[in-house]
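Protein chains in written order, with the working numbering: chain A, -12 to 104; chain B, 56 to 169. All C-beta atoms in this analysis are idealised placements derived from N, C-alpha and C, irrespective of residue type, glycine included. What follows is a single structure, written as structure tokens, with notes after it.
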Amino acid sequence: AQKVTQAQTEISVVEKEDVTLDCVYETRDTTYYLFWYKQPPSGELVFLIRRNSFDEQNEISGRYSWNFQKSTSSFNFTITASQVVDSAVYFCALSEAQYSSASKIIFGSGTRLSIRP
Amino acid sequence: DAGVIQSPRHEVTEMGQEVTLRCKPISGHNSLFWYRQTMMRGLELLIYFNNNVPIDDSGMPEDRFSAKMPNASFSTLKIQPSEPRDSAVYFCASSWGQSSGELFFGEGSRLTVL
Chain A
-12 AQKVTQAQTE ISVVEKEDVT LDCVYETRDT TYYLFWYKQP PSGELVFLIR RNSFDEQNEI
48 SGRYSWNFQK STSSFNFTIT ASQVVDSAVY FCALSEAQYS SASKIIFGSG TRLSIRP
Chain B
56 DAGVIQSPRH EVTEMGQEVT LRCKPISGHN SLFWYRQTMM RGLELLIYFN NNVPIDDSGM
116 PEDRFSAKMP NASFSTLKIQ PSEPRDSAVY FCASSWGQSS GELFFGEGSR LTVL
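The following block contains the structure:
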């Protein structure tokens, strides 16, 4: 069975600090996708990144970076020089990869990140 | 382009009443998902459809919940009869199957059952 664990329920840091959100996953699939979504206080869910299980290259997008390690089944998310606008709940998610149709996407329990001015 | 449209945004009802939540996916998307979000259980997948066909409804809590997708542009999630423990935010999301799962979420329907 697939499972996503976000052990950090809440994190609070001061603005401009770096912060890493942990994500550990379990799956028996050899091909799968990992995701991060952001849910700001307004409530909508916003897609941040998708990573294919065959691609372990780390990715950087501005202040955001993602570290995917199959050896430890982890897909961690780091925000560099955090800002108040980064305050949100962040969800890690996992799905089996299928070419012709979507498959179920399982979400972790989320990490509530608070950035203090 | 319009995103995923859900209605109603807010619903307050009394226990025992029927509740119908509606979703219009993004045009061209062929997969639709219903999720429920609560503080206690987080984001739970209730059911998802591919090409209007229900693929996995194992997350539907019980027989009081039903979902339909009569065509590619419309889906409903019905709760009959509703109970206070059904109070949650219900999200609809759609995706294009060959994009490998990136979901586009609606703004959610906040349901309160008194």
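C-beta neighbour in chain A for residue i, strict 8 Å
i, result
"L100(B)", "yes"
"D111(B)", "yes"
"G97(B)", "yes"
"Y145(B)", "no"
"L166(B)", "no"
Test: residue i CB closer than 8 Å to a CB of chain B
i, result
"F55(A)", "no"
"R38(A)", "no"
"K(-10)(A)", "no"
"I92(A)", "yes"
"F41(A)", "no"
"F62(A)", "no"
"L100(A)", "no"
Cα-Cα separation, residue i to residue j
i, j, result
"S40(A)", "T17(A)", "8 Å"
"A(-6)(A)", "T98(A)", "8 Å"
"S60(A)", "T14(A)", "9 Å"
"S142(B)", "K79(B)", "22 Å"
"F112(A)", "I92(A)", "What the structure shows of chain A is the stretch from -12 to 104, and residue 112(A) is not part of that stretch, so it cannot be assessed."
"R38(A)", "Y19(A)", "9 Å"
"Y77(A)", "A127(B)", "30 Å"
"T67(A)", "R119(B)", "46 Å"
Candidates the options, of which the one nearest residue i by Cα
i, options, result
"N106(B)", "N85(B), G114(B), F160(B)", "N85(B)"
"A(-12)(A)", "E83(A), P104(A), L100(A), S96(A)", "E83(A)"
"G114(B)", "R64(B), A57(B), G71(B), R96(B)", "R96(B)"
"S58(A)", "E2(A), S(-1)(A), Y12(A), L100(A)", "Y12(A)"
"F146(B)", "R140(B), L166(B), V108(B)", "L166(B)"
"P109(B)", "L158(B), K133(B), A122(B), V144(B)", "A122(B)"
CB-CB length for residue i against residue j, believed under 8 Å
i, j, result
"F88(B)", "L100(B)", "6 Å"
Heavy atom of the ligand NAD within 7 Å of residue i beta-carbon
i, result
"F88(B)", "Because no ligand of any kind appears in the structure shown, any question about the ligand NAD cannot be addressed here."
Just to confirm the assignment: which complete beta strand (DSSP E) runs, minimum length 3, are found wholly within the stretch 74 to 131 of chain B? Given a length threshold of 3 residues, each whole run of the beta strand (DSSP E) inside the stretch 74 to 131 of chain B is given here in chain order: 74 to 79, 86 to 93, 97 to 105, 108 to 111, 120 to 126.
Complete alpha helix (DSSP H) runs within the stretch 49 to 85 of chain A (minimum length 4 residues, chain order): Taking 4 residues as the shortest admissible run, the stretch 49 to 85 of chain A contains no complete alpha helix (DSSP H) segment at all.
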